[in-house]
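Asker: Numbering (our numbering), first residue to last: 311 to 600.
This is the structure, below, for whatever I ask next.
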């Protein structure tokens, strides 16, 4: 018979006490203690009996257990060696889970997918990510262009809002463009800090990213495009002209920048936050030199 779900305050405390586990602040460990929230995450992720699931940072197995119940197979990457014996215990009833003791930023995820999932199987990433390393992890997954259908992650509320933001909003910036270039992003739900142990200082949100097969705009050089976008947000209160003049000061004067902005049909007095992705692509077309 299965024990009580891992994601309850009493069971979590019991597991931590049994193993004498101490949270490592440096790894941003906050464990979920609410089964209903986990079931909601799995629903938003669209996990079913056909799905393969990749989890990052399983902790003591709260989300892993729910994924094992709902998915065909689960692969979880855990960096903290101290958690391996705990996971072995909490997940012993599930034969469809593999735990890999590796830093996701160093892992060859594509190779792991080939080894662990069936050919052609729909694979989704589902995770409760450590706040301090959310952006590097997501950008690695996106830039590696992994063959996954979607990424559904619990992250800091403010970061989720930035990733899903639209132009002309306070949250919109270079991160919004980077994420939305690869995915369709939406904030699926907000999660109060009270459902974590230990409690973080801020609320969280579940962000659902549906992978795009092709980016929404065509750019000649992606690295240049993202650099240019970042430059326009260099100092948020400054105009495009000022930010671009600062960025290109070694290669262009203001007159040359103005000519390119005019050619792109973009007013130099605008700010980066007012530009759509299409306008950024247009800007990149006129500034890119092979």
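Think of the CB as a built atom: it goes at the ideal place given N, C-alpha and C, for glycine as much as any other residue.
#1: CB-CB under 6 Å to residue 586, same chain, minus the five flanking residues each way: which ones, in chain order?
#2: Determine whether the beta carbon atoms of residue 435 and residue 469 lie at a separation below 7 Å.
#3: Please state the DSSP three-state secondary structure of residue 520.
#4: Quick check: the stretch 367–383 against the stretch 395–409, are there 3 or more CB pairs under 8 Å?
#5: Out of 430, 525, 494, 466, which one is the CA nearest neighbour of residue 362?
#6: Could I get the ranges of all uninterrupted alpha helix (DSSP H) runs contained in the stretch 341–425, with 4 residues as the minimum, in chain order?
#7: Helix, strand or coil: which one does DSSP assign to residue 466?
#8: If we ignore side chains and look at the alpha-carbon of each, how far apart do residue 521 and residue 364 end up?
#9: Would a C-beta distance cut-off of 7 Å place residue 541 and residue 553 closer than the cut-off?
#10: If we define contact as Cβ-Cβ less than 7 Å, is residue 598 a contact residue for chain B?
#11: Please report the distance separating the alpha-carbon of residue 576 from that of residue 474.
#12: At the level of alpha carbons, what is the spacing between residue 518 and residue 537?
#13: Does the Cβ of residue 492 have 16 or more other Cβ atoms within 10 Å, making it buried, or fewer, making it exposed?
Answerer: By the coordinates alone:
#1: 477
#2: Between residue 435 and residue 469, the gap from beta carbon to beta carbon reaches 7 Å or more.
#3: strand
#4: yes
#5: 430
#6: Runs of the alpha helix (DSSP H) lying entirely within the stretch 341–425, each at least 4 residues long, are 345–355, 372–380, 394–400 in chain order.
#7: strand
#8: 15 Å
#9: yes
#10: Absence of chain B from the displayed structure is noted, only one protein chain being present.
#11: 24 Å
#12: 25 Å
#13: buried
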